[in-house]
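Chemist: Take this structure, written in structure tokens, and hold onto it; I'll ask about it next.
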Amino acid sequence: MRGFLSPAVRPQVTDTQRAFSALSRHRRTKLARAAQTTLVKADQWGRGGAAAPEVAKALETGLKAIGKKK
Numbered sequence: 644m645r646g647f648l649s650p651a652v653r654p655q656v657t658d659t660q661r662a663f664s665a666l667s668r669h670r671r672t673k674l675a676r677a678a679q680t681t682l683v684k685a686d687q688w689g690r691g692g693a694a695a696p697e698v699a700k701a702l703e704t705g706l707k708a709i710g711k712k713k
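In structure tokens, the structure reads:
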């Protein structure tokens with residue numbers, strides 16, 4: 644019973660994943676549809692969870708496209 648002495652395992656969240664989590668639900672839904680995935684899977688990726696590489700790349704691309712509008 645020494646498990647409490649080890650540090651917690653935390654997922655490494657990137658800046659793009661933090662930016663995705665900060666978006667509104669409507670915007671996250673639109674990005675998830677563009678990436679051809681569900682909002683649940685996209686939110687899991689935003690929290691640092693596992694996602695398919697093509698889904699992760701599509702979400703990152705969508706996030707970059709949002710930032711370029713000015």
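What the sequence shown shows, in our numbering, is residues 644 to 713, in sequence order. Beta carbons: idealized from backbone N, C-alpha and C, even for Gly. Quick caveat, the model's predicted, so the values are computed rather than measured.
1. Could you tell me whether the Cβ atoms of Leu702 and Leu682 are closer together than 8 Å?
2. Taking the alpha-carbon positions, what's the Ala708 to Ala677 distance?
3. By Cβ distance below 8 Å, which residues in the same chain neighbour Lys684 in space, the five residues on each side in sequence not counted?
4. Under DSSP, the alpha helix (DSSP H) around Phe640 begins and ends at which residues?
5. Once you ignore the five residues that flank Phe647 on each side, which residues in its own chain have a CB closer than 7 Å to its CB?
Modeler: In this structure, then:
1. no
2. 12 Å
3. Ala675, Ala694, Val698
4. With the chain running from 644 to 713 in the structure shown, residue 640 is simply not present.
5. none
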